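S.K.: My numbering puts the first residue of the sequence shown at 805, with every later residue one more than the last. The beta-carbon is built from N, C-alpha and C at its ideal position, and this holds for glycine as well. Computed from a predicted model, the values in this text were never measured in an experiment.
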Amino acid sequence: MGFNQGELVSGHTRTLYCSGQTAMSADGAPQHDGDMAAQLALSLDNVEAVLGKAGMSLANLVRLNVYTTDVDLLFQHYGVLAARLGAAQVAPATTMLGVTRLAIPGQMVELEATAVE
Numbered sequence: 805m806g807f808n809q810g811e812l813v814s815g816h817t818r819t820l821y822c823s824g825q826t827a828m829s830a831d832g833a834p835q836h837d838g839d840m841a842a843q844l845a846l847s848l849d850n851v852e853a854v855l856g857k858a859g860m861s862l863a864n865l866v867r868l869n870v871y872t873t874d875v876d877l878l879f880q881h882y883g884v885l886a887a888r889l890g891a892a893q894v895a896p897a898t899t900m901l902g903v904t905r906l907a908i909p910g911q912m913v914e915l916e917a918t919a920v921e
């Protein structure tokens, strides 16, 4: 798609605003149709990849917006996200929103992150 995966703002601190990350392969193909746990894990992998390009990690997260087409199903697999954030010893301010659909058919979750260093 025609947008940056992240915008880095530098000054006294560096702030990275990440575009929404979904369960897409490196070549932009949707992955794990119908599998919330796998989509959540890959979406988080993709957030980590954007963070890594800026020299950051999950430990730098200060904000995480979670968009999902099925809030109840996401709650059943929320441990996937909680475990990864816990391992990074981070608890960013988080908002979860139920949405009718995401931009790519079959996608069930999208993560939008902000990180500061």
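Based on the DSSP secondary-structure assignment, which residues constitute the bridge partners of residue 829?
M.R.: Here residue 829 is taken as the residue at index 25 of the sequence shown, counted from 1. According to DSSP, which records beta bridges pairwise, residue 829 is partnered with nothing at all.
S.K.: Of all the options 829, 896 and 872, which has the alpha carbon lying nearest to the alpha carbon of residue 866?
M.R.: Residue numbering aside, residue 866 sits at position 62 when the sequence shown is read from its first letter. Here the closest residue by C-alpha is 896.
S.K.: Tell me the residue span of the alpha helix (DSSP H) that contains residue 840.
M.R.: Working through the sequence shown from its first residue, we reach residue 840 at position 36. It spans 840-857 - the alpha helix (DSSP H) in which residue 840 sits, taken as one unbroken run.
S.K.: Alpha carbon to alpha carbon, how far is residue 840 from residue 859?
M.R.: Along the sequence shown, read from residue 1 onward, the residue named residue 840 stands at position 36. Along the sequence shown, read from residue 1 onward, the residue named residue 859 stands at position 55. If I take the Cα positions, the gap works out to 28 Å.
S.K.: Can you check DSSP and say which residues form a bridge with residue 834?
M.R.: Working through the sequence shown from its first residue, we reach residue 834 at position 30. 828, per the DSSP bridge assignment.
S.K.: To the nearest angstrom, how far is the alpha carbon of residue 837 from that of residue 920?
M.R.: To locate residue 837, count along the sequence shown from 1; it is residue 33. To locate residue 920, count along the sequence shown from 1; it is residue 116. Near 32 Å, if we compare the C-alpha coordinates of residue 920 and residue 837.
S.K.: Within the same chain, show all residues whose beta-carbon is closer than 6 Å to that of residue 900, passing over the 5 residues directly before and after it, in chain order.
M.R.: On the sequence shown, position 96 is the one that residue 900 refers to. If we look at residue 900 and ignore the five residues flanking it on each side, its Cβ neighbours are 870.
S.K.: Below 8 Å CB to CB, which residues in the same chain sit around residue 852 once its five sequence neighbours on both sides are set aside?
M.R.: Counted from its first residue, the sequence shown places residue 852 at position 48. Closer than 8 Å at the Cβ level, and outside the excluded window around residue 852, lie 861 and 862.
S.K.: What number of angstroms, rounded off, separates the C-alpha of residue 875 from the C-alpha of residue 883?
M.R.: Sequence index remark: in the sequence shown, residue 875 carries index 71 (1-based). Sequence index remark: in the sequence shown, residue 883 carries index 79 (1-based). Taking the straight line from one Cα to the other gives about 14 Å.
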